[in-house]
Amino acid sequence: MSIWDSISVNNRFSELPRSFYTPVQPTPLSNVQWLAWNKKLALELGFPEFEQCSEELLSTLSGTSEPAPFFPLAMKYAGHQFGSYNPDLGDGRGLLLTQVVTKSGETFDLHLKGAGKTPYSRMGDGRAVIRSTVREYLCSEAMAGLKIPTTRALAMMSSDTPVYREKQEKGALLVRVSESHIRFGHFEHLFYTNQIAEHKLLADKVLEWHFPECLEDEKPYASMFNLIVDRTAEMVALWQANGFAHGVMNTDNMSILGQTFDYGPFAFLDEYDPRLICNHSDYQGRYAFNQQPRIGLWNLSALAHSLSPLIDKADLEAALEQYEPQMNGYFSQLMRRKLGLLSKQEGDGRLFESMFELMSQNRVDYPRFFRTLSNLDMVDSQEVIDLVLDREAAKMWLANYLQRCELEDNSPQERCESMREINPKYILRNYLAQLAIDKAEQGDTSDIEALMVVLADPCSEHPEYEYLAALPPEWGKGMEISCSS
Ligand code: AMP
Ligand code: MG
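Residues in the sequence shown are numbered consecutively from 2, following our numbering.
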């Protein structure tokens, strides 16, 4: 009996017309080996115990042998890349393998990234390397640990197949999981190619599959767009509050569900630098950290334009106008929680502004600052001051902050406990990802396993992994990540 007999699948995307996709079989890699299996996620999806079926999982998920229920396909989409429309996009190195239906009736896509060439590969080889695969695996799980909406990672495999980037590397595979792989760019493709019936069909399917709560509304498509705006606003606010720079916010990398999608040259801020450009091909800084809120709106406007056959202009504009207040609302709520300030008081705006100014002028480590503030019930305030180059400025800000804390109803212990629940101790800093990659390339997955423990529960203490909370060494500061992945 195959494990796939015990897993319920539903290849609903393959039932759409062929203009949505091309059926493509994965091109097998040679000597595929496990790099990681996400046991917790696998359990949620209803997979049997890994030990009982690891060989079958490896050969079927990697595309080396073909299990009966899969219908691998490359999705067709388009998108705005760095502000310019590109009609020629699609799954160029990933395939939607199938949709798994869990016991509770939820449907999740299994997508295999690095599966080989497709009709949408353009000049690419259809492959992914260990480096980029480990980064996506770890970061999607780190985001989930931080409760930021994200695609997930179920599995990761390496191989002996050579893949040529700046140097020769090894081909790798990622099994990505999400309720949907539909991007803003799916709508853009059907809109710009004038496929009117297909465009409406996609909207109907997105409503049915992902926004059923809108079906009863007077204007279901407009309600759906309102929700997409709201979820995108919340996602971007979470990025900003957590110091996450995505790096490639093209509309083909924007999920219709408002999940963080397609991990490339991302970075979590170490030293606070609002102008950080983590993508070293982003010469203009279009996707700099502090541009993300604005780009979120730009991308939603591109989506709005492509939805114009279905939604009145006035409704689209009204939804877009909500983005900024929603984003700011989510952001200030998050920052309040990070600082343990739950009530709204006069002067709070100035306290926040002066904090960001202090951090950027003194290159303060962003996550460490909040975590240390969260420990003020246990550590001396000098620990906070020592994080800031200008000690006098730090003292002044801290005195203002502590005075402000007194206006809250809770005790310092209660305040700090609640702050420790939102300010992580463990962050996927670029240097940690790099160390894990270096080992994984040598076949040693111990760093990946250790990181998975702390990143799944980043706000708790993990004494045996204290070293994973360390600040970056000199070589790991301001690392530039290549886009070639
Ligand atoms: P990304 O920058 O990963 O979002 O990819 C942008 C587009 O290029 C998508 O259509 C990808 O499928 C495609 N692409 C990226 N890398 C490769 C590759 N190595 N081979 C084929 N297509 C690729
Ligand atoms: Mg992409």
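We treat Cβ as the ideally placed atom computed from N, Cα and C, and that holds for glycine.
Fair warning: this is a prediction, and the values are worked out from it, not measured in the lab.
(request) Enumerate, from N- to C-terminal direction, the unbroken alpha helix (DSSP H) stretches of 4 or more residues contained entirely within the region 117–174. (result) 131–146
(message) Between the alpha carbons of P150 and R421, how many angstroms are there, rounded?
(response) Answer to the nearest angstrom: the Cα atoms are 20 Å apart.
(message) Report the CB separation of Y273 from M360 in whole angstroms; it is logged as a contact under 8 Å.
(response) 4 Å
(message) I need the straight-line Cα distance from S160 to A173, nearest angstrom please.
(response) 6 Å
(request) Can you have a look at G125 and say buried or exposed, based on whether 16 or more other CB atoms are within 10 angstroms of its CB? (result) exposed
(request) Can you check the region 207–236 for any alpha helix (DSSP H) of at least 4 residues that lies completely inside it and give the ranges in chain order? (result) none
(message) Can you determine whether any heavy atom of the ligand MG sits closer than 6 Å to the C-beta of D126, and answer yes or no?
(response) Set against 6 Å, the gap from the CB of D126 to the closest heavy atom of the ligand MG is not smaller.
(request) Could you check the C-alpha separation between F188 and V25 for me, to the nearest Å? (result) 22 Å
(message) Could you give the first and the last residue of the continuous beta strand (DSSP E) run that contains F109?
(response) T108 to K114
(message) For I438 and L42, I'd like the C-alpha separation in whole angstroms.
(response) 22 Å
(request) Please work out which residues of its chain come closer than 7 Å, Cβ to Cβ, to S309, disregarding the five sequence neighbours upstream and downstream, and give them in chain order. (result) Here the set comprises L317.
(message) With a threshold of 8 Å, are at least 3 pairs of Cβ atoms found where one atom belongs to the region 63–74 and the other to the region 233–253?
(response) no
(request) Say whether the region 319–328 touches the region 192–210, bearing in mind that this needs 3 or more beta-carbon pairs closer than 8 Å, one atom from each stretch. (result) They do not touch, by the three-pair rule.
(request) Between the Cα of G248 and those of A457, Y284 and E214, spot the shortest distance and give me the residue it belongs to. (result) Y284
(message) Please report the straight-line C-alpha distance between R276 and A394, rounded to a whole angstrom.
(response) The alpha-carbon of R276 is positioned some 22 Å away from that of A394.
(request) Go ahead and label R184 buried or exposed: buried means 16 or more other beta carbons lie within 10 angstroms of its beta carbon, across all protein chains shown. (result) buried
(request) Using a threshold of 7 Å, state whether the C-beta atoms of N39 and L155 are closer than that. (result) Taking 7 Å as the Cβ cut-off, N39 and L155 qualify as a contacting pair.
(request) Quick one: grab the DSSP three-state call for F83. (result) Coil at F83, not helix or strand.
(request) Check S20 in the structure and name its three-state DSSP category. (result) helix
(request) With a threshold of 6 Å, establish whether the CB of N300 neighbours any heavy atom of the ligand MG. (result) Checking the Cβ of N300 against the ligand MG gives no.
(message) Let's see if you can read the secondary structure: which residues bound the alpha helix (DSSP H) around L452?
(response) S447 to A457
(request) Give the range of the alpha helix (DSSP H) segment to which V385 is assigned. (result) In the DSSP assignment, V385 falls within the unbroken alpha helix (DSSP H) covering Q383 to I386.
(request) Give me the Cα-Cα distance between T487 and A69, rounded to the nearest whole angstrom. (result) The first residue shown for the chain is 2 and the last is 486, placing residue 487 beyond what the model contains.
(request) Spatial neighbours of E462 within its chain, please: CB distance less than 8 Å, with the 5 preceding and 5 following residues excluded, ordered by chain position. (result) K426
(request) For N363, verify whether its CB is less than 6 Å away from any heavy atom of the ligand MG. (result) no
(request) Pair every Cβ in the region 400–417 with every Cβ in the region 345–363, then say whether three or more of these pairs are closer than 8 Å. (result) With contact defined as three or more Cβ pairs closer than 8 Å, the region 400–417 and the region 345–363 are in contact.
(request) Report the rounded CA-to-CA distance for L46 versus H112, giving the unit in angstroms. (result) 14 Å
(message) Which residues does DSSP list as the beta-bridge partners of K77?
(response) G91
(message) For the ligand AMP, is there any heavy atom lying closer than 6 Å to the beta carbon of N254?
(response) yes
(request) Inspect the beta-carbon positions of D253 and G84 and report whether they are closer than 7 Å. (result) no
(request) May I ask you to report which of helix, strand or coil DSSP gives L267? (result) With the sequence shown as reference, residue 267 is identified as Phe, and Leu is not the correct amino acid for it. Coil, per DSSP.
(message) Helix, strand or coil, according to DSSP, for S375 in the structure here?
(response) helix
(message) Out of M225, W476, C460 and V164, which one is the CA nearest neighbour of Q435?
(response) Among M225, W476, C460 and V164, the Cα nearest to that of Q435 is on W476.
(message) Check this for me: beta carbons of G93 and T28, under 7 Å apart or not?
(response) no
(request) Can you tell me the Cβ-Cβ gap for F290 and A246, rounded? I've got them flagged as a contact below 8 Å. (result) 4 Å
(request) Quick one: grab the DSSP three-state call for I183. (result) Three-state result, I183: coil.
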